[in-house]
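Everything in the sequence shown is counted per the working numbering, starting at 3 for the first residue and increasing by one.
Virtual Cβ for every residue (Gly too), placed ideally from N, Cα, C.
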Amino acid sequence: MAGERALNVAELIEGKLARPQIMIAVYLCTLMFLEGYDMQTLSFAAPAILREWGVSRAEFGPILSSHLLGYLAGALLLTFLGDRLGRKNVIIAGCGIFSLFTFCAGLASTPAELAFWRIGAGFGLGGSIPTGIALAAEYMPKHIRATTIGLMFVGYNLGAAAGGFIAAGTIETYGWQSVFFIGGLAALPMLILLVLTLPESVRFLIVSGAPTHRIAAIVQRLRPGLDLSGVTHYLAGEEHRKVAMGSLLQDGRAPMTLLLWFAMIASFVGHYVITGWMPTILADDGMTIADANNAMGFFQMGGAIGSLLIAVLLDRVGIRIVALTFALATPATILLGINLGYGFLVPNMLIAGVTVLGGQIGLNALCGTIYPTYMRATGAGWALGIGRLGAMSGPVIGGYMLEVGFMRPSVLLLTSIPFLFCAAALLGLTSAKRASDARNAEGEASIRASGFAH
Numbered sequence: 003m004a005g006e007r008a009l010n011v012a013e014l015i016e017g018k019l020a021r022p023q024i025m026i027a028v029y030l031c032t033l034m035f036l037e038g039y040d041m042q043t044l045s046f047a048a049p050a051i052l053r054e055w056g057v058s059r060a061e062f063g064p065i066l067s068s069h070l071l072g073y074l075a076g077a078l079l080l081t082f083l084g085d086r087l088g089r090k091n092v093i094i095a096g097c098g099i100f101s102l103f104t105f106c107a108g109l110a111s112t113p114a115e116l117a118f119w120r121i122g123a124g125f126g127l128g129g130s131i132p133t134g135i136a137l138a139a140e141y142m143p144k145h146i147r148a149t150t151i152g153l154m155f156v157g158y159n160l161g162a163a164a165g166g167f168i169a170a171g172t173i174e175t176y177g178w179q180s181v182f183f184i185g186g187l188a189a190l191p192m193l194i195l196l197v198l199t200l201p202e203s204v205r206f207l208i209v210s211g212a213p214t215h216r217i218a219a220i221v222q223r224l225r226p227g228l229d230l231s232g233v234t235h236y237l238a239g240e241e242h243r244k245v246a247m248g249s250l251l252q253d254g255r256a257p258m259t260l261l262l263w264f265a266m267i268a269s270f271v272g273h274y275v276i277t278g279w280m281p282t283i284l285a286d287d288g289m290t291i292a293d294a295n296n297a298m299g300f301f302q303m304g305g306a307i308g309s310l311l312i313a314v315l316l317d318r319v320g321i322r323i324v325a326l327t328f329a330l331a332t333p334a335t336i337l338l339g340i341n342l343g344y345g346f347l348v349p350n351m352l353i354a355g356v357t358v359l360g361g362q363i364g365l366n367a368l369c370g371t372i373y374p375t376y377m378r379a380t381g382a383g384w385a386l387g388i389g390r391l392g393a394m395s396g397p398v399i400g401g402y403m404l405e406v407g408f409m410r411p412s413v414l415l416l417t418s419i420p421f422l423f424c425a426a427a428l429l430g431l432t433s434a435k436r437a438s439d440a441r442n443a444e445g446e447a448s449i450r451a452s453g454f455a456h
């Protein structure tokens, strides 16, 4: 229409990175650090809790999985709200829930109490992390989108590594409760920072039909010198649709979504057998609790290294690099079952971390890049949430194997198998994603031809 001026925000985002975009990545990397710390706290504390409470390994397996049940619920429920109420609200709510419930886990005196608090902490993280992935994806240029998300997940590995080293230095002196108190309190400054400074997703505001002045305020932060006078509406370069749960399986997305879910489940099974039970396996094999937790710290440090490598390669090579990483995780995991002393274990833990956790980070990054804006939080949330079915199964399977008498070599050999299934699923996902991209390209061409898009 005459007198109307449209501004395509997608083109601004594809330009030079602005300070708000960089700060969003930093905020979410810090949030990932807290998640990494929290996800590992119970496994680090497990040997001390088992001794203090006298529960069996089979009984403790479900407790190890309890926060993953909460994560599943949060990922499926809160992320759906993130596609309706906004990214910022869900991220802040999830961070607050996580902080409170993590701190309270240190006050637990029974297995049931501990499981309750861990479920609550997982619920908060299940909402905030996938929604954070969606927010990061919506503020990053396409050519570095997966790389940025992968780099954010380096924070996860660094947090998990820090948890191992903190646990090694605090549990013997201050008790297992200390790791939960530290995690809960550490989240409070982050929560305040998010409330005061985190912007809403400008793409979300556009596709959800938010008032123009809200969109303009964020655009002005992205490009302070840009003249917005006369702008009557903003474009995101994609269609405006209402998200529904079935959207993930519609419009030809079913093969891509189902293969992604299968890969997530398989990877998390193996991942969480290792992270949930490896400190206990090593302690049962004669290692001190401090040395076992330090070894897990090296596993997580390897994950940080692997995350950096995958993050750099993912946007260049694509899904195949993640498939290759999981294929290499199989022999790396088998080697963890060989007991040739601490000096042999540490480099193997580092290598296993590079492949197992590096591959996992690449897979997590895919969740935030393969869906359009209107369903991105839902897509990431469901993939990460469905994956938690594998994560919940891993500690239970590991606990059962230990309870029936499987020794360290057998446990690690069996744990390596899901990584092969994951690699195969990702090879299939490569073809499914290519077909989906072709359909999306046709849709975007149609939008450009129409001359208008939300």
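Same chain only: Cβ atoms within 7 Å of residue i, ignoring 5 sequence neighbours per side
| i | result |
| --- | --- |
| Gly152 | Ser309, Ile312, Ala313, Leu316, Ile363, Gly364, Ala367 |
| Pro22 | Pro201, Arg223, Leu224 |
| Gly196 | Per the sequence shown, residue 196 should be read as Leu rather than Gly. Contacts found: Tyr29, Ile93, Ile94, Cys97. |
| Phe183 | Phe105, Gly108 |
| Ala379 | Thr81, Gly84, Asp85, Arg89, Pro132, Thr133, Ala136 |
Buried versus exposed, by CB contacts within 10 Å (16 or more), residue i
| i | result |
| --- | --- |
| Arg59 | buried |
| Ser412 | exposed |
| Asp287 | exposed |
| Gly345 | exposed |
| Phe454 | The predicted position of Phe454 is uncertain, since its pLDDT is 40 and thus under 50; a value taken from the coordinates is nonetheless stated next. Exposed, because fewer than 16 other Cβ atoms sit within 10 Å of the Cβ of Phe454. |
| Pro397 | buried |
| Ile42 | As written in the sequence, residue 42 is Gln, which differs from the Ile given in the question. Result: buried. |
| Gln252 | exposed |
| Tyr158 | buried |
| Glu140 | buried |
| Ser231 | exposed |
| Ile1 | Any question about residue 1 goes unanswered here, given that the chain covers just 3 to 456. |
| Ile65 | buried |
| Gly248 | exposed |
Euclidean distance between Cα positions of residue i and residue j
| i | j | result |
| --- | --- | --- |
| Gly521 | His145 | With the chain covering only 3 through 456, there is no way to say anything about residue 521. |
| Met403 | Tyr236 | 57 Å |
| Ser203 | Asp229 | 21 Å |
| His102 | Leu36 | Position check: residue 102 holds Leu in this sequence, whereas His was assumed. Looking at the two C-alpha atoms, the distance is approximately 13 Å. |
| Ala354 | Ala20 | 36 Å |
| Leu137 | Gly254 | 24 Å |
| Ile336 | Val348 | 14 Å |
| Ile15 | Ile26 | 13 Å |
| Glu115 | Thr277 | 22 Å |
Residue i, DSSP secondary structure in three states
| i | result |
| --- | --- |
| Asn10 | strand |
| Tyr73 | helix |
| Tyr373 | coil |
| Leu338 | coil |
| Leu237 | strand |
| Val57 | coil |
| Lys18 | coil |
Chain-order list of residues whose beta-carbon lies under 6 Å from that of residue i (same chain, five-residue window excluded)
| i | result |
| --- | --- |
| Pro420 | Ala268, Val271, Gly272 |
| Gly1 | Only positions 3 to 456 of the chain appear in the structure, and residue 1 is not among them; the question remains open. |
| Leu33 | Gly134 |
| Ile51 | Trp178 |
| Cys31 | Met154, Gly157 |
Check whether the stretch 324-333 touches the stretch 406-413, taking contact to mean three or more Cβ pairs, one atom from each stretch, closer than 8 Å. Under the three-pair Cβ rule at 8 Å, the stretch 324-333 does not count as touching the stretch 406-413.
Cβ pair count under 8 Å reaching 3, the stretch 426-441 against the stretch 281-297: no
Report yes or no: do three or more beta-carbon pairs, one from the stretch 63-80 and one from the stretch 205-212, lie closer than 8 Å? no
Stretch pair the stretch 165-185 + the stretch 106-126: three plus CB contacts closer than 8 Å: yes
Closer than 8 Å is the cut-off here; do at least three beta carbon pairs connect the stretch 292-311 with the stretch 414-428? no
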